[in-house]
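2 protein chains.
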Amino acid sequence: MEQTSSGDARHDPRGRRRAGNDIKAALRDLRIQLALLNHQVGGKLALKDVDLDCLDVLARSGPLTPSTLARQAGLHPATLTGILDRLERGGWITRDRARGDRRSISIRVLPDRGVEVFRLYQPMISAMDDLLDGYSEEELDVIAGFLRRSTEAGRTSTEKLAGQDS
Amino acid sequence: MEQTSSGDARHDPRGRRRAGNDIKAALRDLRIQLALLNHQVGGKLALKDVDLDCLDVLARSGPLTPSTLARQAGLHPATLTGILDRLERGGWITRDRARGDRRSISIRVLPDRGVEVFRLYQPMISAMDDLLDGYSEEELDVIAGFLRRSTEAGRTSTEKLAGQDS
DNA sequence: CTCATATAGTACGGAAATCATAATATATGG
DNA sequence: CCATATATTATGATTTCCGTACTATATGAG
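Protein chains in written order, with the numbering used here: chain H, 153 to 318; chain V, 153 to 318.
What follows is the structure, encoded as structure tokens:
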């Protein structure tokens, strides 16, 4: 749907290229800035960056087992045990024995402290809402599509790197 | 253009709201995925996540002093010393005494190992190029603008959090 | 069923990273 | 020249990371 006629006379390859490079650079900046925001939020909650990352994945992808989470977060299983210990001690998660396979554990985010997190992200959420108000619904759809595709590009690229040993 | 049941034909509040929430969720996913990609890249280069972050900032924002970099990366000055030691040992950066103020140090990224990094990011760069080919120049400008504004939103939100002590 | 093997999660311990504090070197203003 | 402020690094206590080994459970073969 965002395919437009190419090879047109009005089409300036140099302009497209510049715009593309702008986007890639902007994505780099955005990644760093969001990492920094999370670092601040984590600091307020006495959580390491990686702890907050795990919490984010858990909150988003529902209950997970340690092995699944470790794989998704690119962490050593033993490292994850330490992270889960911290999160459990802080009252962020619970570890329950799974019903089917009794070796495995189901990690669940506790809702209790959700408000704290939300309050800390509130400035960013408000700023984003203000920002998004300036776009038409069509533009919003373009942006959402771009973000989803970029995430997918990131996923396949990450897997490609993880697959090869050098 | 489709009419909506509630009021304004041009602006459907429900559709906009959904699109906005989609974007915020997509941004969360994208952040995690890019962090994961960097984790993989860092792993190949024997660099911690935070080391690669610092390198990225340095490569992007030119030579910096340790104090400036520490502030920009949200790190304790002493922590940064350790990071710089690792980066220097690995041949990623040099520390030169600044000309003006002889207390301060100028950290510069060495170009030598840039190729390695580029090669590792190549899958992502190619995927992004393919992805961007599907957009018109106008759409690219919309996306670039959105990314820049989001980064700015992240910056002000981060500063807001850093400013208050609770 | 019994045994071998595989898998999930964690305990343990050495190596490394983090960060508060102190120390050093230089700058700046009176 | 002196007092104070600032940039960076050294030191050391604490925490984190992660390779290895261990326990518990699952699965498959005979």
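Even glycine gets a Cβ: it sits at the ideal position worked out from N, Cα and C.
Tell me, to the nearest whole angstrom, how far the beta carbon of residue i is from that of residue j; I am working on the premise that it is less than 8 angstroms.
i: Leu-299/V; j: Ile-175/H; result: 6 angstroms
i: Leu-313/V; j: Val-193/H; result: 7 angstroms
i: Ile-259/H; j: Leu-199/H; result: The pair is not a contact, with the Cβ atoms about 15 angstroms apart (cut-off 8 angstroms).
i: Gly-306/V; j: Leu-272/H; result: Incorrect: roughly 13 angstroms between the Cβ atoms, too far for contact.
Determine which residues share a DSSP beta bridge with residue i and list them.
i: Val-261/H; result: Ile-245/H
Which word fits residue i, buried or exposed, when buried means at least 16 other C-beta atoms lie within 10 angstroms of its C-beta?
i: Ala-225/V; result: buried
i: Ala-230/H; result: exposed
i: Pro-218/V; result: buried
i: Ala-222/V; result: buried
i: Ser-309/H; result: buried
i: Gly-243/V; result: exposed
i: Pro-275/V; result: buried
i: Ala-187/V; result: buried
i: Gly-159/V; result: Because the pLDDT of Gly-159/V is 44, which lies under 50, any placement of that residue in the model is unreliable, and the number read from its coordinates should be weighed accordingly. Exposed: under 16 other Cβ atoms inside 10 Å.
How about residue i and residue j: are their beta carbons less than 8 angstroms apart?
i: Ile-245/V; j: Leu-210/V; result: yes
i: Ala-296/V; j: Ala-178/H; result: yes
i: Leu-207/V; j: Val-261/V; result: yes
i: Leu-182/V; j: Ser-302/H; result: yes
i: His-191/H; j: Asp-203/H; result: no
i: Ile-257/H; j: Arg-247/H; result: yes
i: Ile-184/H; j: Asp-253/V; result: no
i: Val-294/V; j: Glu-304/H; result: no
i: Gly-167/H; j: Glu-289/V; result: yes
i: Arg-180/H; j: Arg-255/V; result: no
i: Gly-172/V; j: Asp-282/H; result: no
Quick one: which unbroken alpha helix (DSSP H) runs of 4-plus residues sit fully inside the region 207-239 of chain H? Chain order, please. 218-225
Those runs of the beta strand (DSSP E) which lie wholly inside the region 254-304 of chain V and span at least 3 residues: 257-261
What are the uninterrupted segments assigned as alpha helix (DSSP H) that are 4 or more residues long and contained completely in the region 175-212 of chain H, given in chain order? Secondary structure within the region 175-212 of chain H: the alpha helix (DSSP H) runs of 4 or more consecutive residues, fully enclosed, are 201-212 (chain order).
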